[in-house]
Structures are given as structure tokens and as C-alpha cells.
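K.L.:
Got a structure for you, written out below as C-alpha cells; questions coming shortly.
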Amino acid sequence: MTEQTQKKYELLKDDTVNHHGRTLYRIKALITFGSVAAGELGGYIETEKNLDHSGNARVYGDALVRSFAVISERKMIFCASNVGPKNRTLTVFNGKYGLIVTRGCFTGTVDEFLSKSKEVHDDKTHHGYKLLIEVAQSRILN
């Protein structure tokens with residue numbers, strides 16, 4: 073972070089999750105930027121190095137960002153919790169070659185995810201995933 077870059081969020085030391093032995097901290101917006109209002113809560117990050125203070129990048133909902141992952145301008149992430157038959161988390165983010173979807177042990181493109189979902193889930197579950205992907209695409213790409 074340069075001296076000219078205003079700090080846009082803080083780590084909440086009293087709102088944490090343990091993810092595979094690592095402590096992640098919920099973030100809170102200090103200023104209004106992009107579509108984020110000052111005071112709005114975001115997802116969880118391990119360190120300030122995981123989220124750029126410049127631009128309009130953000131971490132939504134209950135998304136987890138850790139290790140060497142970095143969220144910066146135009147690399148947004150969408151997360152929906154308690155979805156699917158096992159009530160797990162669906163995460164969609166902008167990768168090097170397009171949107172990437174993770175859900176449980178699956179990681180792949182949107183097309184790969186929807187194809188696998190259609191193969192292994194009933195119509196209701198698959199339809200729910202399709203709707204969540206549409207929302208994620210709308211949030212990330214627009």
C-alpha cells in the first residue's frame with residue numbers, strides 16, 4: 073500500500089474463523105468505494121496482503137481468502153453459503169482465463185461446474201446452482 077492509497081478496510085480481530093489451521097479475519101469497510109458502503113462487512117482474509125486497498129476490489133459474504141491469494145482490481149469473488157445437498161459454500165472468482173467455481177472438492181470453469189452439476193444432482197439442485205452462477209456472473213462481470 074502506497075502512502076497515497078487510502079486504507080479502505082480493517083481486519084476485525086474479534087470476528088475470525090479457523091480454516092485448516094489458519095486464522096482468517098472478517099473485514100469491515102472504512103470508506104465507501106465502488107458498491108461497498110462504509111461500515112459494510114465483507115468476507116474473511118488471512119492478512120492485508122490478500123486484498124488490495126486500491127481500486128474497487130472486494131470480498132463478499134463468507135468468502136475465505138488465505139495463503140498467497142490476492143484479490144485486486146477487477147478480480148472479484150462471490151460466495152454463497154449453505155447451498156446444495158450438503159449445505160456447503162459455492163465460490164466463484166475471476167481467474168486468469170475466466171470465472172472459476174469451487175464447491176466442496178470441485179474446482180473448474182462455470183461450464184465444467186454446470187455440466188458436472190447436471191450429471192450428479194437432481195433438477196431442483198442443478199437449477200439452484202444455475203441461478204447462483206447467474207448472480208455471481210452479474211456481480212463479478214458487470
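Residue numbers (the numbering used here): 73 to 214.
Ideal Cβ positions, reconstructed from N, Cα and C, are used throughout, including at glycine.
Taking only three categories from DSSP, how would you classify E112?
P.N.:
coil
K.L.:
Pop quiz: R94 and D87 are said to be a contact at Cβ under 8 Å. What is the actual Cβ separation, rounded to whole angstroms?
P.N.:
No, R94 and D87 are not in contact; Cβ-Cβ is about 15 Å, not under 8 Å.
K.L.:
Who are the Cβ neighbours of M73 in its own chain at under 6 Å, not counting the five residues just before and after it?
P.N.:
Reliability fails at M73, whose pLDDT of 47 lies under 50, so the model's placement of it is uncertain and no value is given.
K.L.:
Thinking V164 and I117 are a contact (beta carbons under 8 Å), I'd like their distance in whole angstroms, please.
P.N.:
Between I117 and V164 the Cβ distance is about 17 Å, and since that is not below 8 Å, they are no contact.
K.L.:
Please identify the residue among V182, H91 and N166 whose C-alpha is closest to the C-alpha of H198.
P.N.:
V182
K.L.:
Should D177 go down as buried or exposed, given a rule of 16 or more other Cβ atoms within 10 Å for buried?
P.N.:
Sequence check: residue 177 is Cys here, not Asp. Taking all protein chains shown into account, C177 has fewer than 16 neighbouring C-beta atoms within 10 Å of its C-beta and is therefore exposed.
K.L.:
For L83, list the residues DSSP reports as bridge partners.
P.N.:
I99
K.L.:
From E82 to E112, what distance separates their C-alpha atoms?
P.N.:
11 Å
K.L.:
Work out the CA separation of F150 and V131 for me, nearest whole Å.
P.N.:
7 Å
K.L.:
How would you call V137, buried or exposed, if buried means at least 16 neighbouring beta carbons within 10 angstroms?
P.N.:
Looking at its Cβ environment, which holds 16 or more other Cβ atoms inside 10 Å, V137 is buried.
K.L.:
Should N122 be labelled buried (16 or more other beta-carbon atoms within 10 Å of its own) or exposed?
P.N.:
buried
K.L.:
Could you round the C-beta distance between K85 and L102 to whole angstroms and report it? I think they count as a contact, below 8 Å.
P.N.:
The Cβ separation is near 15 Å, so there is no contact.
K.L.:
Candidates I172, L213, N214 and T119: which alpha carbon is nearest V89's?
P.N.:
It is T119.
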